[in-house]
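Novice: Going by our numbering, the letters in the sequence shown line up with residues 1 to 322, in that order.
Where is the CB? At the ideal position from N, CA and C, for every residue including glycine.
Model, not experiment: these values are computed from the prediction.
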Amino acid sequence: MTAYVIRRCLQAIPLLLGISVIIFVLLQMTPGGPMAAGEGAATQVSPEQIARLRGRYGLDDPLVVQYFNWLGGVLTGDWGSSFDTGRPVLEAIGARVPVTLQLTVVALVLSVLIAVVVGVFAASRQNSLVDHAATGASFIGLSTPSFWFGIMLLYVFSFQLRLLPSSGLTDLRARHTGFAAVLDQAEHLILPVAVLSLMSVASLTRYVRSSMIDVLGQDYLRTARGSGLPERTVVLRHGLPNAAIPVVTVAVLALPELFLGAVITETIFGLPGMGRLFVESADLRDYPVLLGILLIAAVLVVVSNLLADVLYGRLDPRITYV
Numbered sequence: 001m002t003a004y005v006i007r008r009c010l011q012a013i014p015l016l017l018g019i020s021v022i023i024f025v026l027l028q029m030t031p032g033g034p035m036a037a038g039e040g041a042a043t044q045v046s047p048e049q050i051a052r053l054r055g056r057y058g059l060d061d062p063l064v065v066q067y068f069n070w071l072g073g074v075l076t077g078d079w080g081s082s083f084d085t086g087r088p089v090l091e092a093i094g095a096r097v098p099v100t101l102q103l104t105v106v107a108l109v110l111s112v113l114i115a116v117v118v119g120v121f122a123a124s125r126q127n128s129l130v131d132h133a134a135t136g137a138s139f140i141g142l143s144t145p146s147f148w149f150g151i152m153l154l155y156v157f158s159f160q161l162r163l164l165p166s167s168g169l170t171d172l173r174a175r176h177t178g179f180a181a182v183l184d185q186a187e188h189l190i191l192p193v194a195v196l197s198l199m200s201v202a203s204l205t206r207y208v209r210s211s212m213i214d215v216l217g218q219d220y221l222r223t224a225r226g227s228g229l230p231e232r233t234v235v236l237r238h239g240l241p242n243a244a245i246p247v248v249t250v251a252v253l254a255l256p257e258l259f260l261g262a263v264i265t266e267t268i269f270g271l272p273g274m275g276r277l278f279v280e281s282a283d284l285r286d287y288p289v290l291l292g293i294l295l296i297a298a299v300l301v302v303v304s305n306l307l308a309d310v311l312y313g314r315l316d317p318r319i320t321y322v
């Protein structure tokens, strides 16, 4: 296993380098540029000032030179500075990571819990009304756009019923402290977590149901039933642990999807996370920040795939990696 992990890590190096080239070139090909906002007449910025700024940030250098300058900085821990605020990229991103991490972790845990309960319940009652309802709800969840779902939740629970806050992570007017501050944050996260969990719950529920149906038909479970064990014990103690093996790997692979889904969720609900920072930086053509966020997302995808393979091998002794 150790040799396999080392080999996968070495294989990830050229992969990440290739991804970095693609995202760097694609960003450079986007219309406009970081100085486009200063080229309008209303800004009163002279062409000389724009030229000095372009020279300061190396935007007039050949594309190859710009890429290797950026890559060299990344490898040495200097990811550049934001064109908009002048803050170091790592500092700007680091300030937003806790919000996104809190949102995605809560959404992932909630998605897994709901998917396991609904999937096991539906599989143990295959072809029943409950099973058909769970399957139909899963397809609806997969086909529902997250931005539309978020807007509908805002309209109903924030604007019509006025039960939940519509934006932000905390109520700045109340200035809660201690446990009250925790409750305030939890209240603000209810709607964003619901939106972010929608597709994950729908997808994971189908995996849990399919895996449980396959396991419940195995001979060793028929033997357990024949020995007189209650159906609940057969399903939960003997069936669920084996059915959870592929589900765990799928849940790990869902983490990058939740991370990327935070872009829409944080924008809709005004959360100060990495997703909202990405949208703000895209509007301003803030290349260093965009490159930093995209590179982190690429690393997360690669690490999640590696972790899923390792977990699958650990949970299922029949699988060996050479």
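Let me check one thing: in DSSP terms, what residues is Ser-81 bridge-paired to?
Specialist: DSSP, once it has assigned bridges, lists Pro-88 as partnering Ser-81.
Novice: Taking C-alpha atoms, which residue in Tyr-4, Gln-11, Thr-2 and Ala-3 lies nearest to Val-302?
Specialist: That would be Gln-11, whose Cα lies nearest to the Cα of Val-302.
Novice: Helix, strand or coil for Gln-218? Go by DSSP, reduced to three states.
Specialist: The answer is coil: DSSP assigns Gln-218 none of H, G, I, E or B.
Novice: Checking 8 Å against the spacing of the C-beta atoms, do Val-99 and Leu-169 come in under that value?
Specialist: Yes, Cβ-Cβ distance for Val-99 and Leu-169 is below 8 Å.
Novice: Please list, in chain order, all residues of the same chain as Leu-27 whose beta carbon is under 7 Å from its beta carbon, the five residues on each side excluded.
Specialist: Contacts found: Tyr-287, Leu-290 and Leu-291.
Novice: Can you tell me where the alpha helix (DSSP H) with Ala-308 in it begins and where it stops?
Specialist: From DSSP, the alpha helix (DSSP H) with Ala-308 extends over 287–315.
Novice: Take Arg-224 as the anchor and find which of Gly-239, Arg-276 and Gly-58 has the nearest alpha-carbon.
Specialist: Position check: residue 224 holds Ala in this sequence, whereas Arg was assumed. For Ala-224, the nearest C-alpha among the options comes from Gly-239.
Novice: Roughly how many angstroms separate the alpha carbons of Ser-20 and Trp-70, rounded to a whole number?
Specialist: C-alpha separation (whole angstroms): 10 Å.
Novice: One question on the structure: do Leu-154 and Ile-190 come within less than 8 Å of each other, judged by their Cβ atoms?
Specialist: No. Outside cutoff.
Novice: Leaving out five residues on either side along the sequence, give the residues of the same chain with a beta carbon under 8 Å from the beta carbon of Ile-213.
Specialist: Around Ile-213: Ala-123 and Gln-126.
Novice: Which of helix, strand or coil does DSSP assign to His-176?
Specialist: The answer is coil: DSSP assigns His-176 none of H, G, I, E or B.
Novice: I want to know whether the segment 297–314 touches the segment 202–213 - three or more CB-CB distances under 8 Å.
Specialist: Contact fails: fewer than three Cβ-Cβ distances are below 8 Å.
Novice: Just to confirm, is the Cβ distance from Leu-108 to Ala-251 under 8 Å?
Specialist: Yes, Cβ-Cβ distance for Leu-108 and Ala-251 is below 8 Å.
Novice: Among the candidates Ala-244, Met-274 and Gly-141, whose CA atom is the shortest distance from the CA of Arg-314?
Specialist: Arg-314 has its Cα closest to that of Ala-244, out of Ala-244, Met-274 and Gly-141.
Novice: Return the Cβ separation of Val-235 and Val-120 in integer angstroms, given the expectation that the two are a contact with Cβ distance under 8 Å.
Specialist: Yes, Val-235 and Val-120 are in contact; Cβ-Cβ is about 7 Å, under 8 Å.
Novice: In angstroms with no decimal places, state the Cα-to-Cα distance between Arg-8 and Val-299.
Specialist: If I take the Cα positions, the gap works out to 13 Å.
Novice: Out of Leu-101, Pro-88, Asp-60 and Ser-158, which has the shortest C-alpha to C-alpha gap to Phe-269?
Specialist: Among Leu-101, Pro-88, Asp-60 and Ser-158, the Cα nearest to that of Phe-269 belongs to Ser-158.
Novice: What three-state label does DSSP hand Thr-104 in the structure shown?
Specialist: Of the three classes helix, strand and coil, the one that applies to Thr-104 here is helix, per DSSP.
Novice: Looking at the structure shown, is Leu-198 part of a helix, part of a strand, or coil, going by DSSP?
Specialist: Residue state, collapsed to three classes: helix.
Novice: On the criterion of 16 or more Cβ atoms from any shown chain inside 10 Å, does Leu-15 qualify as buried, or is it exposed?
Specialist: Exposed: under 16 other Cβ atoms inside 10 Å.
Novice: Thinking just about the alpha-carbon of each residue, which of Val-247, His-176 and Gln-66 is nearest to the one in Val-116?
Specialist: Closest by alpha carbon: Val-247.
Novice: What is the DSSP secondary structure of Gln-126, counted as helix, strand or coil?
Specialist: Note: Gln-126 maps to coil in three-state DSSP.
Novice: Report the option in Phe-83, Arg-87 and Leu-103 whose CA atom is closest to the CA atom of Val-193.
Specialist: Here the closest residue by C-alpha is Leu-103.
Novice: Any heavy atom of the ligand ZN inside 7 Å of the beta-carbon of Asp-131?
Specialist: This structure lacks the ligand ZN, and indeed carries no ligand of any kind.
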